[in-house]
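Quick notes on the structure that follows.
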Amino acid sequence: MRMSVTRDDLLKALNVVGSVVERRQTKPILTHVLVAAGDGEIVFTGTDLELEVVARCPADVQEPGKVTVSGRKFLDIVRTLPSDSVLRCQTEEGRFRVAMGKSRFQLATLPVEDFPNLMDIQWDTTLSVARGDLRRAIEKTQFCMAQQDVRYYLNGVMLEMSGQALRAVAADGHRLALCAVEMGSAVAGERQVIVPRKAVVEMARFLGDGSLPIEVSLSGNHMRVAQDHLVFVSKLVDGRFPDYHRVIPQAVKNEVVLPRAAILEMLGRVGVVSTEKFRGIRLRFQGNRLAASATNTDRDEAWEELELTGPVPELEIGFNVTYLVEAIGALEDEEFLFGWNDSNGGVRLKAKKSGDEQVYVVMPVRL
Numbered sequence: 282m283r284m285s286v287t288r289d290d291l292l293k294a295l296n297v298v299g300s301v302v303e304r305r306q307t308k309p310i311l312t313h314v315l316v317a318a319g320d321g322e323i324v325f326t327g328t329d330l331e332l333e334v335v336a337r338c339p340a341d342v343q344e345p346g347k348v349t350v351s352g353r354k355f356l357d358i359v360r361t362l363p364s365d366s367v368l369r370c371q372t373e374e375g376r377f378r379v380a381m382g383k384s385r386f387q388l389a390t391l392p393v394e395d396f397p398n399l400m401d402i403q404w405d406t407t408l409s410v411a412r413g414d415l416r417r418a419i420e421k422t423q424f425c426m427a428q429q430d431v432r433y434y435l436n437g438v439m440l441e442m443s444g445q446a447l448r449a450v451a452a453d454g455h456r457l458a459l460c461a462v463e464m465g466s467a468v469a470g471e472r473q474v475i476v477p478r479k480a481v482v483e484m485a486r487f488l489g490d491g492s493l494p495i496e497v498s499l500s501g502n503h504m505r506v507a508q509d510h511l512v513f514v515s516k517l518v519d520g521r522f523p524d525y526h527r528v529i530p531q532a533v534k535n536e537v538v539l540p541r542a543a544i545l546e547m548l549g550r551v552g553v554v555s556t557e558k559f560r561g562i563r564l565r566f567q568g569n570r571l572a573a574s575a576t577n578t579d580r581d582e583a584w585e586e587l588e589l590t591g592p593v594p595e596l597e598i599g600f601n602v603t604y605l606v607e608a609i610g611a612l613e614d615e616e617f618l619f620g621w622n623d624s625n626g627g628v629r630l631k632a633k634k635s636g637d638e639q640v641y642v643v644m645p646v647r648l
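Residue numbers for the sequence shown, in the working numbering: 282 to 648.
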């Protein structure tokens, strides 16, 4: 293998692939990336056996070939080199050599045949969706994913496809998020898959904006997302996501319109003195006012009142302020709807204009 490639193109591809490669693995080959040079480009592949990422970059390939090298070391080397520089790479005597100016590096390699491959999969469903819409659906729900929950089906985002509608849903037992977007192609029947946490985070980082379509392919156990020079293949969580329709109140007895920016500012100020562990804050609706208050074990106190446009139903309820701020912050309209049935059930939050396209449910806490 012998090739020349610009440092900036190389860094862009390695940043994507290197994100799934761990520094420490029980299998040494999983700390490596597969480098395949040919046809005027380099194809980089990284995997942890749950998620595989493939990135391409243009290159002047004088001699095609394949090699595996330490993903983190290769990435760290490229980062230190000057922008706009050109790197000369080649394999020689079982080593991967990188040269730029007067700098020289040699990296150890492992056998190419030992590198695992998740790409050889039979896909049974393929659909099209605007890259910006898929990114938005993930970003508006991913903060509600559980972290290392024994209910493993909550450690990810559920994607539900029905007709031309794609719904992303995430929940951790304390809150739930739903964001719906329209696909460019319809699917027959209904399909649900659960994308694991790591794959969700990586897709949110690297999916682009805009209306250009990307291809999403599904099999019984995997999902593939292809965008320009990037391909993600992820194993799916083997489980059944809870019926989210039962969590979201379809009708509420009480609903008020609240100003998003003013509420976020008030919660941010009052939440400063809430306890670090439980982050409790109390909301009280009375007359045409909303009051927020918080205390902690040091007996610090905070209280603030906001005047509303009209009288509202009376309610006193407690929340984890972080959960409330994240949900309200994800809404896109200037005003949102705060709906509830009683002080023991979850509250429904949704944007005033977009309605059911984006819905959050936050459960109350006892204070």
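Even for Gly, the Cβ is constructed at its ideal location relative to N, Cα and C.
Separation of residue j from residue i, as counted between CA atoms
| i | j | result |
| --- | --- | --- |
| D637 | Q473 | 19 angstroms |
| G346 | R385 | 21 angstroms |
| I358 | E536 | 56 angstroms |
| P397 | R337 | 18 angstroms |
| L589 | W621 | 17 angstroms |
| D509 | R541 | 36 angstroms |
| G591 | N569 | 5 angstroms |
| V450 | L399 | 26 angstroms |
| V334 | V514 | 6 angstroms |
| V651 | E615 | Because the chain spans 282 through 648 in this model, residue 651 falls outside it and cannot be assessed. |
| G454 | V643 | 9 angstroms |
| L388 | V438 | 38 angstroms |
| G267 | R565 | For the chain, the structure presents residues 282 to 648; residue 267 sits outside this window and is missing. |
| V640 | P523 | 16 angstroms |
| E607 | H526 | 21 angstroms |
| L308 | R448 | Note that residue 308 is Lys in the sequence shown, not Leu. Going from the Cα of K308 to the Cα of R448 covers about 36 angstroms. |
Bounding residues of the beta strand (DSSP E) (the contiguous stretch that carries residue i)
| i | result |
| --- | --- |
| K631 | V628 to A632 |
| F513 | L511 to K516 |
| E546 | That residue, E546, is in no beta strand (DSSP E); its alpha helix (DSSP H) goes R541 to V551. |
| R369 | V367 to E373 |
| L447 | G437 to A452 |
| A572 | R570 to T576 |
| S409 | T406 to A411 |
| V379 | R376 to M381 |
| D316 | First, the amino acid is wrong: residue 316 is Val here, not Asp. Taken as a continuous stretch (DSSP letters only), the beta strand (DSSP E) holding V316 covers H313 to G319. |
| L618 | E616 to W621 |
Simplified DSSP assignment, three categories, for residue i
| i | result |
| --- | --- |
| N535 | strand |
| A418 | helix |
| V301 | coil |
| R478 | helix |
| L292 | helix |
| M652 | Outside the modelled stretch of the chain, which goes from 282 to 648, sits residue 652, for which no answer is possible. |
| P494 | strand |
| G610 | helix |
| T590 | coil |
| V393 | helix |
| K324 | Looking at the sequence shown, residue 324 is not Lys but Val. V324: strand per DSSP, three-state reduction. |
| A485 | helix |
| F424 | helix |
| E595 | coil |
| E585 | strand |
| V348 | strand |
| L431 | Note on residue identity: the sequence assigns Val, not Leu, to residue 431. Correct three-state label for V431: coil. |
| E471 | strand |
| E638 | helix |
Nearest neighbour of residue i, chosen from the options [CA to CA]
| i | options | result |
| --- | --- | --- |
| S364 | A575, L292 and A632 | L292 |
| P477 | F396, Q428, F619 and R305 | Q428 |
| T556 | M400, L648 and D320 | L648 |
| A575 | V438, V301, E586 and Q567 | E586 |
| R304 | G561, D623, S351 and V316 | S351 |
| V593 | F522, L539 and R412 | L539 |
| G549 | M504, I609, K631 and A318 | I609 |
| W584 | P309, E595 and G561 | G561 |
| V481 | K383, H455 and S300 | S300 |
| D581 | E597, L368 and G552 | G552 |
| S466 | I495, T328, P530 and L545 | I495 |
| L330 | L618, K534 and L517 | L517 |
| M442 | A452, C460 and V431 | C460 |
| S624 | A611, V533, K558 and V606 | V533 |
| T372 | I529, L488 and A317 | A317 |
Sheet register partners of residue i (DSSP bridge)
| i | result |
| --- | --- |
| H503 | K516 |
| M464 | Answer is none; M464 lacks a bridge partner. |
| D341 | S285 |
| N601 | G561 |
| V528 | Paired residues: none, contrary to the question. |
| S384 | M381 |
Delimiting residues of the alpha helix (DSSP H) encompassing residue i
| i | result |
| --- | --- |
| D357 | G352 to T361 |
Cβ-heavy atom distance, residue i to the ligand COA, below 8 angstroms
| i | result |
| --- | --- |
| Q403 | Summarising the ligand content, the structure contains no ligands, and the ligand COA is consequently not present. |
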